[in-house]
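What follows is one structure encoded as C-alpha coordinates, with my remarks underneath.
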Amino acid sequence: RRSIMVKSFMLLSTLPTSTRAEDSKIYSANARNMARLGSGDGSAGSVYDNNPSNPKARARRAMIGCKNSDARQLAMEGLQQSKLNEKECNRLVMSGE
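This is the structure in C-alpha coordinates:
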(Lines of atoms letter the chains of each structure in order from A and count residues from 1; the text may use other names and numbers.)
(Lines give C-alpha, C1' and ligand atoms only; values in the text may rest on other atoms or scores of the structure.)
Protein backbone atom coordinates (compact mmCIF):
# COMPACT_ATOMS: atom_id res chain seq x y z
CA ARG A 1 0.00 0.00 0.00
CA ARG A 2 2.82 2.39 0.88
CA SER A 3 4.69 1.68 -2.33
CA ILE A 4 1.54 2.42 -4.34
CA MET A 5 1.16 5.75 -2.57
CA VAL A 6 4.81 6.66 -3.13
CA LYS A 7 4.58 5.70 -6.80
CA SER A 8 1.43 7.78 -7.25
CA PHE A 9 3.05 10.76 -5.53
CA MET A 10 6.12 10.43 -7.74
CA LEU A 11 3.86 10.30 -10.79
CA LEU A 12 1.98 13.42 -9.66
CA SER A 13 5.21 15.29 -8.98
CA THR A 14 6.38 14.65 -12.55
CA LEU A 15 3.25 16.12 -14.13
CA PRO A 16 3.45 19.64 -15.55
CA THR A 17 2.32 22.29 -13.10
CA SER A 18 -0.72 23.13 -15.21
CA THR A 19 -2.19 19.65 -14.56
CA ARG A 20 -1.35 19.51 -10.86
CA ALA A 21 -3.75 20.80 -8.25
CA GLU A 22 -1.13 22.45 -6.02
CA ASP A 23 -3.44 25.19 -4.87
CA SER A 24 -6.03 22.75 -3.52
CA LYS A 25 -6.15 22.11 0.21
CA ILE A 26 -4.42 18.98 1.50
CA TYR A 27 -6.45 17.31 4.25
CA SER A 28 -4.36 14.36 5.43
CA ALA A 29 -1.18 14.75 7.48
CA ASN A 30 0.52 12.10 5.37
CA ALA A 31 -0.25 13.99 2.16
CA ARG A 32 1.07 17.23 3.72
CA ASN A 33 4.29 15.45 4.70
CA MET A 34 4.70 13.96 1.24
CA ALA A 35 4.12 17.38 -0.35
CA ARG A 36 6.62 18.98 2.03
CA LEU A 37 9.23 16.31 1.27
CA GLY A 38 8.52 16.66 -2.44
CA SER A 39 9.23 20.37 -2.27
CA GLY A 40 12.67 19.65 -0.79
CA ASP A 41 11.93 20.43 2.87
CA GLY A 42 13.49 17.65 4.97
CA SER A 43 13.07 19.34 8.36
CA ALA A 44 10.22 17.03 9.43
CA GLY A 45 8.28 20.16 10.34
CA SER A 46 10.69 21.15 13.10
CA VAL A 47 11.38 24.80 13.76
CA TYR A 48 14.68 25.65 15.41
CA ASP A 49 15.28 28.72 17.54
CA ASN A 50 18.81 29.95 16.87
CA ASN A 51 18.72 32.32 19.86
CA PRO A 52 16.96 30.51 22.70
CA SER A 53 16.00 32.66 25.69
CA ASN A 54 16.43 29.87 28.25
CA PRO A 55 20.04 29.78 29.57
CA LYS A 56 20.08 25.97 29.65
CA ALA A 57 18.92 25.83 26.03
CA ARG A 58 21.64 28.33 25.03
CA ALA A 59 24.30 26.23 26.77
CA ARG A 60 23.00 23.02 25.19
CA ARG A 61 23.10 24.62 21.73
CA ALA A 62 26.62 25.94 22.37
CA MET A 63 27.80 22.50 23.53
CA ILE A 64 26.61 21.04 20.22
CA GLY A 65 28.53 23.83 18.46
CA CYS A 66 31.71 22.71 20.24
CA LYS A 67 31.57 19.46 18.26
CA ASN A 68 31.92 21.40 15.00
CA SER A 69 35.48 22.45 14.10
CA ASP A 70 34.26 25.47 12.10
CA ALA A 71 32.29 26.75 15.11
CA ARG A 72 35.34 26.26 17.34
CA GLN A 73 37.44 28.18 14.81
CA LEU A 74 35.03 31.13 15.04
CA ALA A 75 35.12 30.92 18.82
CA MET A 76 38.94 30.94 18.78
CA GLU A 77 38.92 34.11 16.69
CA GLY A 78 36.44 35.75 19.08
CA LEU A 79 38.46 34.76 22.15
CA GLN A 80 41.86 35.49 20.52
CA GLN A 81 43.10 31.98 21.32
CA SER A 82 45.48 29.97 19.16
CA LYS A 83 43.95 26.55 19.87
CA LEU A 84 40.58 25.41 21.20
CA ASN A 85 39.72 21.72 21.38
CA GLU A 86 36.26 20.34 22.09
CA LYS A 87 36.95 19.77 25.79
CA GLU A 88 38.15 23.36 26.31
CA CYS A 89 35.21 24.68 24.33
CA ASN A 90 32.78 22.71 26.52
CA ARG A 91 34.51 24.00 29.65
CA LEU A 92 34.15 27.60 28.45
CA VAL A 93 30.47 27.04 27.66
CA MET A 94 29.79 25.51 31.08
CA SER A 95 31.56 28.38 32.82
CA GLY A 96 29.40 30.87 30.93
CA GLU A 97 32.05 32.50 28.74
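Residue numbers for the sequence shown follow my numbering, beginning at 1 and rising by one. All residues carry an ideal CB built from backbone N, CA and C; glycine is no exception.
- When only Cα atoms are considered, residue 30 and residue 46 end up about 16 Å apart.
- With a threshold of 16 other beta carbon atoms within 10 Å, residue 60 falls short and is exposed.
- The beta carbon of residue 32 sits closer than 7 Å to those of 26, all from its chain and outside the five residues before and after it, given in chain order.
- By the 16-neighbour rule on beta-carbons within 10 angstroms, residue 91 is exposed.
- Looking from the CA of residue 86, the closest CA among 80, 96, 65, 95 belongs to 65.
- Excluding its 5 nearest sequence neighbours in each direction, residue 63 has C-beta neighbours in its own chain below 7 Å: 90, 93, listed in chain order.
- Each residue's CA atom was taken as its position, placing residue 81 and residue 70 some 14 Å apart.
- Restricting attention to 97, 57, 56, 52, the CA atom closest to the CA of residue 75 is found in 97.
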